[in-house]
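Quick note, the sequences are listed as chains F and G, same order. Read in UniProt numbering, the first sequence has 121 at position 121, and its numbers run on one by one without any break. Read in UniProt numbering, the second sequence has 21 at position 21, and its numbers run on one by one without any break. All C-beta atoms in this analysis are idealised placements derived from N, C-alpha and C, irrespective of residue type, glycine included.
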Amino acid sequence: MRKPTTICVIDDDRMYTLILGKQLKATSCCDNLLVFHHGLAAWEYFSPLMALAERLPDIILLDLNMPVMDGWQFLDEFSQLKPAKPITIYIVSSSIDPADHQKAATYPAVAHFYIKPISRNDLAAIVGT
Amino acid sequence: MQTKIDLYQKTVPLAQLGIWEHNLLTGELYWNTIVRAIYEVAADFTPSLKQTLQFYPDKEAVRGLINQVLQTHQPKTGVFQLQAISGRVKWVRLRANVHLERDVCTTIHGTLEDITQERASIQANLAQEQQFHQAFDFAPIGMALVSLAGNWLKANDSLCQLLGYTEAELRQITFQEITFGDDLASDLNQMHRLLAGTIDRYSIEKRYIHKRGQLIWTLLHVSLVRDQQNTPLYFVSQIKDISERKNYIELLQWQRQRLDNIIQSTGVGTWEWDVPSDNVICNPRASAIVGYDPDELSDCQMTAWHKLIHPDDQLANTQLLTQCFQHQMDFYVSECRMRHKDGYWIWVEIRGKVMEWTSSGQPRFMLGTYLDIHARRSLQEEQRKTLTVVSNQNSRLLNFAHIVSHNLRSHAGNIQMLTDMLIQEVDEQERQEYITMLQLNATNLQETLLHLNEVINVQAVDKRSKKPVGLRHEVERILTILSEPLRQVEAQVQTEISEQLVVHYDPAYLESVLLNLVSNCIKYRHPDRVLSIRLVALPVAEGHQLQVIDNGVGIDLKRHGHKLFGMYKTFHGNADARGIGLFLIKHQIEAMAGQLSVESQVNAGTTFTVTIQA
């Protein structure tokens with residue numbers, strides 16, 4: 001019996017979040033999907049819940065270029081927090097700018113950098129099936 | 001008769017004339033006192049003919065003269081040496097004649113004169129003459145006696161060798177004939193002054209024509225010999241060969257001329273600096289570089305030159321000079337701006353080298369150049385500016401390429417995911433939903449492409465699209481266009497722009513910039529207060545500044561400043577429209593060689609500043 005998995009998607013591309021939601025549903029590995037359209041919304045949602053492990057996501061799929069609070073700012077803010085359980089962060093971005101990839105490598109919390117579109121196999125690898 | 005004898009007796013001692021008479025019939029010999037004084041005998045001494053001859057070392061010569069007179073009956077004069085009683089040797093002139101009575105000689109008589117002193121001076125003269133001839137003949141320089149008319153009377157070996165003629169040949173010609181034409185007048189002129197007694201001697205440099213035709217440079221000294229009556233007799237000329245010296249001088253002058261030509265043709269200004277006194281000598285070109293006449297700067301102090309250097313270049317120049325003075329560098333090379341007389345700055349390269357040091361190692365004398373490098377520096381400056389423009393353009397293009405890639409990839413990724421799911425999906429209702437989403441995606445892609453197209457158009461525009469535009473008029477026109485939304489929010493708009501202000505701008509860009517900035521004010525107004533907008537134009541160094549100041553929500557620049565003008569994902573139907581608008585107008589402003597900057601405080605308001613190049 002596997003643990004129920006909560007996945008959080010932070011991306012301002014509404015079309016993408018919609019499609020991703022459908023894909024995740026198809027893999028039937030995601031019990032809970034949280035979608036935010038900029039970093040600040042996600043941060044405001046999570047920061048009061050850090051002590052409540054069951055309310056926190058297991059995986060965050062983070063976009064970089066977003067209004068209000070972008071992926072980098074979110075990473076900076078989030079690394080200040082102490083979540084009650086390990087959260088794996090993946091960057092999923094359209095950016096092919098080498099500078100972005102180099103910068104991502106400097107964040108220990110980032111497990112991997114995926115360039116969009118994210119494939120079914122990539123998703124399967126992320127959710128561990 | 002008596003008086004005649006008296007006169008005779010008075011004058012004879014005056015002339016110191018010895019008188020003698022020998023009676024051939026009686027054998028009696030008479031001497032007057034002068035004769036006795038010459039022989040140095042006593043007054044009572046009774047002379048005899050035989051004894052008389054004893055006084056003369058050359059008795060035969062004296063006897064010979066006497067015999068000749070006796071035989072020929074003609075008077076005769078001879079000069080003889082005699083030794084007086086005291087042993088002193090004297091020179092005497094002896095005259096003798098005979099007295100005849102019926103063709104028979106009765107007496108022989110004559111005079112005796114002491115000419116020792118006269119002889120001595122003649123001897124001395126002879127010796128001097130001898131010496132003169134030796135000096136003349138064997139002198140290492142050319143010497144000649146020249147007649148008043150210019151004929152060579154006598155020439156020594158040195159002169160003959162110098163001119164290539166023998167002495168005999170020279171005597172056939174005048175000095176005028178072998179003097180180089182250009183030099184004759186000055187020689188004759190001096191010669192006439194010498195003859196007139198205006199000068200005692202003269203020296204000139206002149207050219208003679210050698211027998212073989214070549215010119216010979218000489219230094220000529222001429223003096224004039226006159227007789228006792230001061231009548232000119234002849235010239236004494238000394239002629240020294242100075243061809244070698246002259247050739248060196250000519251060579252030096254030629255080289256100097258060549259150097260001058262080179263300096264002149266390269267346009268290099270030269271300076272010579274006596275460091276302890278600070279005195280500087282410059283060539284005319286040096287002064288001309290900074291716009292001065294040669295006499296204004298040619299002899300002045302180095303301090304005056306250094307004062308012409310631009311204040312910003314003074315320190316570097318002084319440091320370079322000091323390094324040279326402290327032996328850290330052999331040469332001093334400095335590029336600096338110098339103030340032209342007309343007030344503008346001109347780029348000059350200064351080079352220098354210390355040529356002489358004092359014993360304590362201080363610079364004593366320095367040589368150097370000034371070179372006008374204004375054209376080169378201006379070109380470099382121009383190239384640097386061009387490079388900056390090109391680099392900026394390049395980095396904008398690269399940025400743009402990333403943006404294009406990013407935005408197109410977002411849509412492409414979505415389409416790929418949707419088609420992937422469409423293929424896998426069996427449920428017809430789900431498939432319909434995917435197709436609808438695909439259509440939506442296609443629309444979004446189209447919109448993105450339109451935006452990108454707009455950006456490309458901005459990049460493609462060049463400066464030729466600039467037109468004079470009345471800024472105040474243009475602002476009012478935009479405010480009219482936006483009058484409806486402005487009225488809806490009851491905005492207060494204040495315009496502080498002169499009616500006369502005309503800027504050179506692409507009219508479409510100006511409209512775009514103003515529309516965007518004013519629309520933003522409306523979009524990001526503060527919900528709790530009435531929107532107030534101020535449009536202000538200020539003169540600045542580059543031209544003008546247009547400020548759009550609002551009292552809206554403001555922007556957290558610390559957080560968002562870096563991406564404020566970026567082209568972020570704003571094409572996906574979300575509410576944030578600032579991205580493309582600011583991105584576009586920033587490019588438009590930069591295409592007009594201006595800048596867009598922002599100052600803002602959260603909850604207080606935002607000021608956008610546009611610089612407009614004059």
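Q.
Relative to the C-alpha of L81 of chain F, which candidate in F:F46, F:P57 and F:D97 has its C-alpha closest?
A. For the purposes of this step, residue 81 of chain F is taken as residue 81 along the first sequence, with counting starting at 1. Out of F:F46, F:P57 and F:D97, F:F46 has the C-alpha closest to the C-alpha of L81 of chain F.
Q: Just confirm the distance between the C-beta atoms of L449 of chain G and L418 of chain G, as a whole number of angstroms; I'd bet it's less than 8 Å.
A: Counting from one through the second sequence, the residue named residue 449 of chain G turns up at place 449. Counting from one through the second sequence, the residue named residue 418 of chain G turns up at place 418. That pair is no contact at about 19 Å.
Q | Pick from G:P527, G:Q16 and G:A537 that is closest to Q494 of chain G, judged by C-alpha positions | A | One-based indexing of the second sequence puts residue 494 of chain G at position 494. It is G:A537.
Q) So, are the CB atoms of L82 of chain G and V92 of chain G less than 8 Å apart? A) By 1-based counting over the second sequence, the position of residue 82 of chain G is 82. By 1-based counting over the second sequence, the position of residue 92 of chain G is 92. Contact flag set, yes.
Q | Three-way DSSP call (helix, strand, coil) for T179 of chain G in this model | A | In the second sequence, counting from the first residue as 1, residue 179 of chain G sits at position 179. If DSSP states are grouped into helix, strand and coil, T179 of chain G belongs with the strands.
Q. Secondary structure at D576 of chain G, three-state DSSP: helix, strand or coil?
A. As a working note, residue 576 of chain G is residue 576 in the second sequence. The predicted position of D576 of chain G is uncertain, since its pLDDT is 46 and thus under 50; no value can be drawn from it.
Q. Whose Cβ in chain F lies nearer than 8 Å to the Cβ of L397 of chain G?
A. Locating residue 397 of chain G in the second sequence gives position 397, where the first residue counts as 1. In chain order: nothing, as chain F lies at least about 14 Å away.
(Q) Taking the alpha carbon of G269 of chain G as the reference point, which residue from G:L126, G:D200, G:V290 and G:Q601 has its own alpha carbon closest? (A) The residue given as residue 269 of chain G occupies position 269 in the second sequence. Answer by Cα proximity: G:V290.
Q | Nearest residue (CA-CA) to V89 of chain G, options G:Q54, G:V530 and G:K76 | A | As a first step, residue 89 of chain G must be located in the second sequence, where it is residue number 89. Comparing Cα positions, the closest option is G:Q54.
Q. What are the start and end residues of the alpha helix (DSSP H) that includes H101 of chain F?
A. On the first sequence, residue 101 of chain F is found 101 positions in, with the first residue counted as 1. Looking at the DSSP string, the run of the alpha helix (DSSP H) that includes H101 of chain F is P98 to A105.
(Q) With a threshold of 8 Å between beta-carbons, can K22 of chain F be considered close to chain G, or not? (A) In the first sequence, counting from the first residue as 1, residue 22 of chain F sits at position 22. So yes, K22 of chain F belongs to the interface.
Q | I122 of chain G versus K154 of chain G: straight-line alpha-carbon distance, rounded | A | The residue you call residue 122 of chain G lines up with position 122 of the second sequence. The residue you call residue 154 of chain G lines up with position 154 of the second sequence. Near 24 Å, if we compare the C-alpha coordinates of K154 of chain G and I122 of chain G.
Q: Would you check if the region 193-204 of chain G and the region 152-168 of chain G touch, i.e. whether three or more CB-CB distances between them fall below 8 Å?
A: no
(Q) Can you look up M417 of chain G in the DSSP assignment and give me helix, strand or coil? (A) As a working note, residue 417 of chain G is residue 417 in the second sequence. In this structure, M417 of chain G counts as helix in the three-state DSSP scheme.
Q. When you compare only the Cα positions, how much space is there between P75 of chain G and N230 of chain G?
A. On the second sequence, position 75 is the one that residue 75 of chain G refers to. On the second sequence, position 230 is the one that residue 230 of chain G refers to. Their backbone Cα atoms lie some 37 Å apart in a straight line.
(Q) Any C-beta of chain F within less than 8 Å: which residues of the region 399-410 of chain G qualify? (A) H402, S405, H406, N407, R409 and S410
(Q) Based on DSSP bridge pairs, tell me the residues matched to I19 of chain G. (A) Locating residue 19 of chain G in the second sequence gives position 19, counting from the first residue. G:T111, per the DSSP bridge assignment.
Q.
I need the DSSP call for H374 of chain G, collapsed to helix, strand or coil.
A. The residue labelled residue 374 of chain G in the question sits at position 374 within the second sequence. Three-state result, H374 of chain G: helix.
Q) Nearest-angstrom Cα distance between P276 of chain G and I249 of chain G? A) If you number the second sequence from 1, residue 276 of chain G lands on position 276. If you number the second sequence from 1, residue 249 of chain G lands on position 249. Cα to Cα, the separation comes out at about 32 Å.
Q. In three-state terms, what does DSSP make of S532 of chain G?
A. Within the second sequence, the letter at position 532 stands for residue 532 of chain G. In this structure, S532 of chain G counts as strand in the three-state DSSP scheme.
Q. What is the C-beta distance between S243 of chain G and W217 of chain G, in whole angstroms, given that I count them as a contact (C-beta under 8 Å)?
A. Taking the first residue of the second sequence as 1, we reach residue 243 of chain G at position 243. Taking the first residue of the second sequence as 1, we reach residue 217 of chain G at position 217. At roughly 5 Å, the Cβ-Cβ gap stays under 8 Å, so S243 of chain G and W217 of chain G are in contact.
Q | Status (buried if at least 16 other CB within 10 Å, exposed otherwise) for E113 of chain G | A | Counting from 1 along the second sequence, the entry for residue 113 of chain G is found at position 113. Label assigned to E113 of chain G: buried.
Q) Looking at the structure shown, is Q131 of chain G part of a helix, part of a strand, or coil, going by DSSP? A) One-based indexing of the second sequence puts residue 131 of chain G at position 131. If DSSP states are grouped into helix, strand and coil, Q131 of chain G belongs with the helices.
Q. For P468 of chain G, does the three-state DSSP call read helix, strand or coil?
A. Translated into the one-based positions of the second sequence, residue 468 of chain G becomes position 468. Of the three classes helix, strand and coil, the one that applies to P468 of chain G here is strand, per DSSP.
(Q) So, at 7 Å on beta carbons, what are the nonlocal neighbours of V513 of chain G in its own chain, with the 5 sequence-adjacent residues on each side left out? (A) Residue numbering aside, residue 513 of chain G sits at position 513 when the second sequence is read from its first letter. Answer for V513 of chain G: I585, Q588, I589 and V610, listed in chain order.
Q.
For H101 of chain F, which residues in the same chain have their Cβ closer than 7 Å to its Cβ, ignoring the five residues on either side in sequence?
A. Start at 1 with the first residue of the first sequence, and residue 101 of chain F comes out as number 101. If we look at H101 of chain F and ignore the five residues flanking it on each side, its Cβ neighbours are F113.
Q: Look at the alpha carbon of V548 of chain G and the alpha carbon of I612 of chain G, and state the distance between them as a whole number of angstroms.
A: Residue mapping note: residue 548 of chain G aligns to position 548 of the second sequence, counting from 1. Residue mapping note: residue 612 of chain G aligns to position 612 of the second sequence, counting from 1. Straight-line Cα distance between these residues: approximately 14 Å.
Q. Where DSSP assigns a beta bridge to I239 of chain G, which residues make up the other side?
A. As a position in the second sequence, residue 239 of chain G is number 239, starting the count at 1. According to DSSP, I239 of chain G bridges with G:G142 and G:L220.
Q) When the cut-off is 8 Å and only beta carbons count, does H28 of chain F lie next to chain G? A) Locating residue 28 of chain F in the first sequence gives position 28, counting from the first residue. Reading off the sequence, residue 28 of chain F comes out as Ser, not His. No, its Cβ sits nowhere closer than 8 Å to a Cβ of chain G.
(Q) Determine whether the beta carbon atoms of L564 of chain G and N516 of chain G lie at a separation below 8 Å. (A) On the second sequence, position 564 is the one that residue 564 of chain G refers to. On the second sequence, position 516 is the one that residue 516 of chain G refers to. No, the pair does not count as a contact, with Cβ atoms beyond the cut-off.
Q. Whose CA, out of G:T607, G:S532 and G:Y524, lies closest to the CA of Q545 of chain G?
A. Numbered from its first residue, the second sequence carries residue 545 of chain G at position 545. Out of G:T607, G:S532 and G:Y524, G:T607 has the C-alpha closest to the C-alpha of Q545 of chain G.
Q.
Assess contact between the region 352-365 of chain G and the region 299-311 of chain G, defined as three or more Cβ pairs (one per stretch) separated by less than 8 Å. Is contact present?
A. no
Q) In angstroms, rounded to a whole number, what distance separates the CA positions of R120 of chain F and E428 of chain G? A) For this step, residue 120 of chain F is matched to residue 120 along the first sequence. For this step, residue 428 of chain G is matched to residue 428 along the second sequence. About 21 Å.
**Q.** Limits of the unbroken beta strand (DSSP E) element including S597 of chain G
**A.** Within the second sequence, residue 597 of chain G is the residue found at index 597, counting from 1. Unbroken beta strand (DSSP E) run through S597 of chain G: L596 to Q601.
Q) By how many angstroms is the C-alpha of T33 of chain G removed from the C-alpha of D6 of chain G? A) As a first step, residue 6 of chain G is located in the second sequence; it is residue number 6 there, counting from the start. As a first step, residue 33 of chain G is located in the second sequence; it is residue number 33 there, counting from the start. Spanning the two alpha carbons is a distance of roughly 16 Å.
(Q) Suppose contacts are defined by Cβ-Cβ distances below 8 Å. Is I497 of chain G in contact with L535 of chain G by that definition? (A) Within the second sequence, numbered from 1, the residue matching residue 497 of chain G stands at position 497. Within the second sequence, numbered from 1, the residue matching residue 535 of chain G stands at position 535. Cβ atoms of I497 of chain G and L535 of chain G: closer than 8 Å.
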